[in-house]
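The listed protein sequences correspond, in order, to chains A and B. Just so we're aligned: the first sequence equals residues 1 to 136 in the working numbering. Just so we're aligned: the second sequence equals residues 137 to 272 in the working numbering.
Protein chains: 2
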Amino acid sequence: MTCLLCSPTTESLLWHDVFCRVIWVSDDDYPGFCRVILNAHVREMTDLPPADRQRLMDVVFAVETAVREVAKPDKINLASLGNLVPHIHWHVIPRWTEDRCFPDAIWAPARREGWVPAGAGIGPLIEQRLRELLPA
Amino acid sequence: MTCLLCSPTTESLLWHDVFCRVIWVSDDDYPGFCRVILNAHVREMTDLPPADRQRLMDVVFAVETAVREVAKPDKINLASLGNLVPHIHWHVIPRWTEDRCFPDAIWAPARREGWVPAGAGIGPLIEQRLRELLPA
Chain A
1 MTCLLCSPTT ESLLWHDVFC RVIWVSDDDY PGFCRVILNA HVREMTDLPP
51 ADRQRLMDVV FAVETAVREV AKPDKINLAS LGNLVPHIHW HVIPRWTEDR
101 CFPDAIWAPA RREGWVPAGA GIGPLIEQRL RELLPA
Chain B
137 MTCLLCSPTT ESLLWHDVFC RVIWVSDDDY PGFCRVILNA HVREMTDLPP
187 ADRQRLMDVV FAVETAVREV AKPDKINLAS LGNLVPHIHW HVIPRWTEDR
237 CFPDAIWAPA RREGWVPAGA GIGPLIEQRL RELLPA
């Protein structure tokens with residue numbers, strides 16, 4: 001079966017190198033939600049050598065920094081699940097106390113509807129900050 | 137307000153040092169579910185200096201290794217949410233394709249009930265493996 005992350009069709013790319021890429025999820029409920037995707041098809045973090053684990057986490061933390069600065073959320077959620085697509089990818093999710101599911105995980109049933117933080121133009125701002133934080 | 141992770145009442149401790157601790161969650165649906173808890177009260181990973189981020193992730197990955205070896209899950213889920221308790225802690229969750237919520241996150245509504253992987257004595261085995269993987 002073709003892996004969706006090995007053969008992506010549409011991705012809003014914010015940053016990439018030969019090792020991994022950062023995409024903007026463009027989720028209306030969570031503006032600033034980004035994903036860090038390893039380019040190689042690897043299942044678990046501990047299937048990577050330690051230096052590669054660190055290299056990937058450095059990008060995850062750069063994205064966390066950029067999302068915090070640009071989206072100014074109340075909390076950051078980090079998660080690497082991969083149950084549907086067992087190819088390492090990290091969710092970097094900005095959370096607000098008034099958001100759809102807070103304080104539950106975004107995968108829990110909604111607690112409320114209708115509140116959406118300002119998100120216009122947030123993708124390009126994160127992209128610009130990542131360019132400053134990460135090597136070209 | 138007292139932080140539950142600064143003043144824990146009952147924790148099933150598997151490993152600890154001055155920097156962080158590993159506890160066994162003892163979740164019947166997910167035997168082998170562990171948490172890595174930073175001892176200091178810090179909100180986000182990027183509030184830590186880079187060396188401390190790496191130190192904590194090294195423990196998270198040691199726990200992932202131990203849980204994979206002992207529980208033999210189909211997938212590992214890693215998550216640092218902290219919406220309820222904004223004190224850095226990492227969930228290391230073994231997943232099975234037949235488990236309660238698979239392939240959804242464990243915070244999603246249950247898809248099925250009744251299937252529980254064998255979990256008797258799994259805590260001590262993880263504890264023993266962590267003692268080999270991590271410095272005393």
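Where a beta carbon is used, it is the ideal one built from N, C-alpha and C, also for glycine.
| DSSP state of A:P94 mapped onto helix, strand, coil | Strand, per DSSP.
| message | Are the CB atoms of B:H227 and B:R171 within a distance shorter than 8 Å? | response | Between B:R171 and B:H227, the C-beta gap is smaller than 8 Å, which places the two residues in contact.
| message | At the 8 Å Cβ level, is B:Q190 part of the contact set with chain A, yes or no? | response | Taking Cβ atoms only, chain A reaches closer than 8 Å to B:Q190, which makes this a yes.
| task | Alpha carbon to alpha carbon, how far is B:R231 from A:H16? Give it in angstroms, no decimals. | result | The straight-line gap from Cα to Cα measures roughly 30 Å.
| Beta carbon of B:V195 nearer than 8 Å to that of B:I262 | Contact annotation: B:V195 and B:I262 have beta-carbon atoms that are not nearer than 8 Å.
| request: Report the partner residues of A:V22 according to the DSSP bridge assignment. | output: DSSP, once it has assigned bridges, lists A:W15, A:V36 as partnering A:V22.
| task | Classify A:V63 as buried or exposed, calling it buried when 16 or more other Cβ atoms lie within 10 Å of its own Cβ. | result | With 16 or more other Cβ atoms within 10 Å, it is buried.
| query | Considering only residues of the stretch 189–265 of chain B, which uninterrupted beta strand (DSSP E) runs meet the minimum length of 3 residues and lie entirely inside it, listed in chain order? | reply | The qualifying runs are 211–216, 225–231.
| query | Going by Cα to Cα distance, which pick from A:P135, A:H89, A:T10, A:S26 is closest to A:A118? | reply | Ranking A:P135, A:H89, A:T10, A:S26 by CA distance to the CA of A:A118 puts A:S26 first.
| Along chain B, which residues have their Cβ under 9 Å away from the Cβ of A:A108? | By Cβ distance, chain B contributes A241, W243, A244, P245.
| message | I need the DSSP call for A:D47, collapsed to helix, strand or coil. | response | If DSSP states are grouped into helix, strand and coil, A:D47 belongs with the helices.
| request: Identify the contact partners of A:F102 in chain B, using a Cβ-Cβ distance below 8 Å as the criterion. | output: Residues of chain B whose Cβ lies closer than 8 Å to the Cβ of A:F102 are, in chain order, N219.
| request: Sort out for me which residues DSSP pairs A:D29 with in a bridge. | output: For A:D29, which the question treats as bridged, DSSP gives no partner whatsoever.
| task | Evaluate A:T10 with the Cβ neighbour count: other Cβ atoms within 10 Å of its Cβ, from every protein chain shown; 16 or more gives buried, anything less gives exposed. | result | Counting Cβ neighbours within 10 Å, A:T10 comes out exposed, since fewer than 16 surround it.
| Apart from the five residues on each side of it in sequence, which residues of its chain come closer than 7 Å, Cβ to Cβ, to B:H177? | Correct list, in chain order: C139, C142, H223.
| query | Using the C-alpha atoms, what's the distance from A:Q54 back to B:L220? | reply | Their Cα atoms are separated by approximately 27 Å.
| request: Report yes if the CB atom of A:V18 is closer than 8 Å to the CB atom of A:N39, and no otherwise. | output: A contact, by the Cβ cut-off of 8 Å.
| query | According to the Cβ coordinates, are B:A241 and A:A110 closer than 8 Å? | reply | Not closer than 8 Å, so no.
| request: Kindly give me the distance between the Cβ atoms of A:S12 and A:G123, rounded to whole angstroms, as I take these residues to be in contact under 8 Å. | output: Yes, A:S12 and A:G123 are in contact; Cβ-Cβ is about 6 Å, under 8 Å.
| said: Run through chain B and tell me which residues come within less than 8 Å of A:K72, C-beta to C-beta. | reply: What A:K72 touches in chain B: nothing, since even the nearest Cβ is about 13 Å away.
| said: Tell me the rounded alpha-carbon separation between A:L134 and A:F61. | reply: Each residue's alpha carbon lies about 10 Å from the other.
| CA-CA distance, A:L56 and B:A256? | Separation of A:L56 and B:A256 (C-alpha to C-alpha, rounded to the nearest whole angstrom) is 35 Å.
| field | Test: B:P222 CB closer than 8 Å to a CB of chain A | value | True, the Cβ-Cβ gap to chain A drops below 8 Å.
| Short CB-CB distance (under 8 Å) between B:R248 and chain A | Chain A contact via Cβ: absent.
| message | Buried or exposed, going by whether 16 or more other CB atoms sit within 10 Å of the CB of B:T201? | response | With a threshold of 16 other beta carbon atoms within 10 Å, B:T201 meets it and is buried.
| message | On a Cα-Cα basis, can you pick out the residue from A:S80, A:A71, A:D29, A:W107 that is closest to A:M45? | response | For the residues A:S80, A:A71, A:D29, A:W107, the minimum Cα distance to A:M45 belongs to A:S80.
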